[in-house]
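Quick notes on the structure that follows.
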Amino acid sequence: MFAEVECTFALRRTFFDFGEFNRLRPKQLYRAAIGLAAWWQAEGTANDIIAGINGVLVNGTSFTAGYVGQAFSFNGVNQYITNSPPGLTNIQNSYTMEFWARPGQGRASTPESTGNIDGTSNQRYAIYPNNGKFGPAGSGVSVGSNGVSVFESGSAYLPSLLVYDTPITNWTHIAVVYSNQQPSLYLNGALVRVGLTSTRASYPSTCLGEAGFGFGYYADCWMKCRFTIGRFRPRKSPRFITQATPENVRLRPHRTSSFNRRTKQWLWGARRLFQSRREGASR
């Protein structure tokens, strides 16, 4: 089985990918995240178009057709993408990692804990948790056809702070939300699990699909992954999805309330002007 991925990181500033408007179906607009910090679009390259953290395709990692545009393709055996740095250590404790996934193989379900070493085998790391050694731990996400697990990695430290077992058989939007060192999991915009509060500071890792350690390579498809600083709120978050399947997705551009007010005022004025001119012409 092969995998697709497109990845994005965010840092409190607004970014619009106008190329997305051209790739979406009519009346479907892409709502950009607030504060993107890095974005691997997977459009024929592993380059990050925001921060320049350009990835390296390892062992034949390639591209395939994604739900929107292209996506990375992993074989689930030995393929992955490395990045330098392997983690964004300037983003800690409160952030969001979100992406689309369509896994083709299951991952090992492990017990939730804050201090075990459980993530060393049979995982499907969509985002591989970087070993932070004795400092802040790198966080990552394992996604299989049987559920999602969130791991942190450090010296003698690789616990799964959040484990949610559920069938994932179609394209699914996954958001792992850290708030004050505690991860929560959203599937297709719905909160499904709150994990344990970590005893260590953590940051999002940047290696995709694994990192060559043999702890578990991601298999089948995933795309459009991004990280955001701050708390994730489904009502205000980038709306990747509103239904369970991508065929029903309605993507909308982000607009501020002041923009909406100005737009409504302009439309109201234009309507009044049109009406007055039409009335004048009929006299």
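Start counting at 1 in the sequence shown, then tack on 1, and there's your number in our numbering. Quick reminder that beta carbons are idealized off the backbone N, C-alpha and C, glycines included. No experiment lies behind these values; they were computed from the predicted model shown.
So what does DSSP say about residue 206, is it helix, strand or coil?
strand
Measuring straight from C-alpha to C-alpha, what distance separates residue 127 and residue 160?
16 Å
DSSP puts residue 221 in a beta bridge; with which residues?
75, 104
Assign residue 211 to one of three DSSP states: helix, strand, or coil.
coil
In whole angstroms, what is the alpha-carbon distance linking residue 42 and residue 64?
Roughly 11 Å between the two C-alpha positions.
Buried or exposed: which applies to residue 122, given that a residue is buried once 16 or more other Cβ atoms fall within 10 Å of its Cβ?
exposed
Which of helix, strand or coil does DSSP assign to residue 184?
strand
Could you check whether residue 48 and residue 202 sit closer than 8 Å to each other, using their CB atoms as the reference points?
no
Please report the Cβ distance between residue 45 and residue 71, rounded to the nearest whole angstrom; I am assuming they are in contact, meaning their Cβ atoms lie under 8 Å.
Indeed they touch by this definition, with Cβ atoms about 6 Å apart.
For the beta strand (DSSP E) that contains residue 66, what are its first and last residues?
63–66
Report the three-state DSSP secondary structure of residue 197 (helix, strand or coil).
In the displayed model, residue 197 falls within coil according to three-state DSSP, outside both helix and strand.
Leaving aside the five residues before and after residue 184 along the sequence, list all residues of the same chain whose C-beta is less than 6 Å from its C-beta, in chain order.
The beta carbon of residue 184 sits closer than 6 Å to those of 151, 162, 163, 177, 196, all from its chain and outside the five residues before and after it, given in chain order.
Taking contact to mean at least 3 C-beta pairs separated by less than 8 Å, is the segment 167–176 in contact with the segment 138–147?
yes
Residue 118: which of 220, 221, 216 sits nearest, CA to CA?
216
Euclidean distance between Cα positions of residue 135 and residue 74
33 Å
Span of the beta strand (DSSP E) around residue 139
138–145
Leaving aside the five residues before and after residue 242 along the sequence, list all residues of the same chain whose C-beta is less than 7 Å from its C-beta, in chain order.
Low per-residue confidence applies at residue 242: pLDDT is 36, beneath 50, and the placement is therefore not dependable enough to give any value.
Enclosing beta strand (DSSP E) for residue 161 [first to last residue]
Segment 161–166, the beta strand (DSSP E) holding residue 161.
Considering just the uninterrupted stretch of the beta strand (DSSP E) at residue 150, what are its terminal residues?
Note, residue 150: beta strand (DSSP E), 148–154.
Please classify residue 181 as buried or exposed, where buried requires at least 16 neighbouring CB atoms within 10 angstroms.
exposed
Mapping DSSP to helix, strand and coil, what is residue 99?
strand
According to the neighbour-count rule (16 or more other Cβ atoms, all chains shown, within 10 Å of its Cβ), is residue 66 buried or exposed?
exposed
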